[in-house]
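Engineer: If you read the sequence shown in the numbering used here, its first letter stands for residue 1111, the second for the next number, and so on. Handing you a structure now.
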Amino acid sequence: MTLSLTADPVKANLRETQGAIGSLDFSTARQSLSQIDELAALISIATDLRTLLARHAALA
1111 MTLSLTADPV KANLRETQGA IGSLDFSTAR QSLSQIDELA ALISIATDLR
1161 TLLARHAALA
């Protein structure tokens, strides 16, 4: 007995998943990664400022 591709639920599900992945909007993902990078840079700047303020307070 031979099953066609459409009769096999696993293969049909795989095709649907591949179709969904193929239609993803990667520009949105890139934009999110860019925002994460910007947030990481701001956190780094805030940490540096906190360190400088702590050093200044220790000298005063």
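Every residue gets a Cβ at the ideal spot worked out from N, C-alpha and C, and that includes glycine.
1) I need the DSSP call for M1111, collapsed to helix, strand or coil.
2) Express the C-alpha separation of A1156 and N1123 in angstroms, rounding to a whole number.
3) Could you check the C-alpha separation between L1143 and E1126 for me, to the nearest Å?
4) Quick one: what does DSSP say A1170 is sitting in, helix, strand or coil?
5) Give me the Cα-Cα distance between T1138 and A1150, rounded to the nearest whole angstrom.
Structural biologist: The relevant details are as follows:
1) The predicted model places M1111 with a pLDDT of 45, which falls under 50 and marks its position as unreliable, so this point remains unresolved.
2) 47 Å
3) 27 Å
4) coil
5) 18 Å
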